[in-house]
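Written out below as structure tokens is the structure these notes cover.
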Amino acid sequence: MNKPAVSSSIEGSGFEADKAFDGNLMSRWASDEGSDPEWIYVDLGSVQSISGVTLKWEAAYAKQYKIQVSTDSSGTPVQWTDVNSTTDGNGGVDEIDFSPHNARYVRMLGSERGTPYGYSLYEFEVYGTSSP
3 MNKPAVSSSI EGSGFEADKA FDGNLMSRWA SDEGSDPEWI YVDLGSVQSI
53 SGVTLKWEAA YAKQYKIQVS TDSSGTPVQW TDVNSTTDGN GGVDEIDFSP
103 HNARYVRMLG SERGTPYGYS LYEFEVYGTS SP
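Take the sequence shown: its letter number 52 is residue 54 in the numbering used here, and every next letter is one higher.
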């Protein structure tokens, strides 16, 4: 929670990427409307062992998306590894478990919107152990 976050776009002021990692269900990240693909990632600050995420979608959800991780140390990750892929998302809350992966960055890459709007997350929670 409250780690640095980056997104491909924001709908406008008040919908920045860090809103998805603030523990507040009254705030949210929202991407540009009508655009695919879009993404959001969090920087955990150091490499951690990650084994799951929870996505709490607003009404604008992803129908198709991937959860990806990276151990890049450049500050702007380039190499991503897929740890989960969803092709039939329906919004609400997605609790996703996967085999543990080392990661400093964790990303949701949306490739197909479930609505005509953008992508919007109230919260993007990352789970795992504290050391790789």
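Idealized CB from N, CA, C, for every residue including glycine. Fair warning: this is a prediction, and the values are worked out from it, not measured in the lab.
| query | result |
| --- | --- |
| CA-to-CA distance, GLY54 to ALA32, given in whole angstroms | 22 Å |
| Spatially closest choice to SER37 from TYR129, VAL49, ARG115 and VAL128, by CA coordinates | ARG115 |
| Cutoff 7 Å; reference VAL8; Cβ partners in own chain excluding five residues on either side | ALA19 and TYR43 |
| Per-residue burial, GLY1 [other beta carbons within 10 Å of its own, 16 or more giving buried] | Residue 1 cannot be examined here, being either before or after the span of the chain that is shown, 3 to 134. |
| Contacting residues, own chain, Cβ-Cβ under 7 Å from LYS21 (five flanking each side not counted) | SER29, ARG30 and TRP31 |
| Closest Cα partner of SER101 within the set VAL71, PRO118, VAL80 and THR78 | VAL71 |
| Distance between beta carbons of GLU40 and GLY112, contact taken as under 8 Å | 5 Å |
| Pairwise C-alpha distance: ILE69 and THR117 | 20 Å |
| Start-to-end residues for the beta strand (DSSP E) that takes in LYS58 | 40-59 |
| Residues bridged to TRP31 [DSSP beta-bridge criterion] | LEU123 |
| Simplified DSSP state of ALA22, which is helix, strand or coil | helix |
| Cα-Cα separation between SER11 and PHE17, rounded to whole angstroms | 10 Å |
| Cut-off 8 Å between Cβ atoms - residues of its own chain near PRO134, not counting five sequence neighbours on either side | With a pLDDT of 49 at PRO134, under the threshold of 50, the modelled position of this residue cannot be trusted; read the value that follows with caution. VAL49, GLN50, SER51 and ASN104, listed in sequence order. |
| SER87, buried or exposed, once every other Cβ within 10 Å from all chains shown has been counted against 16 | exposed |
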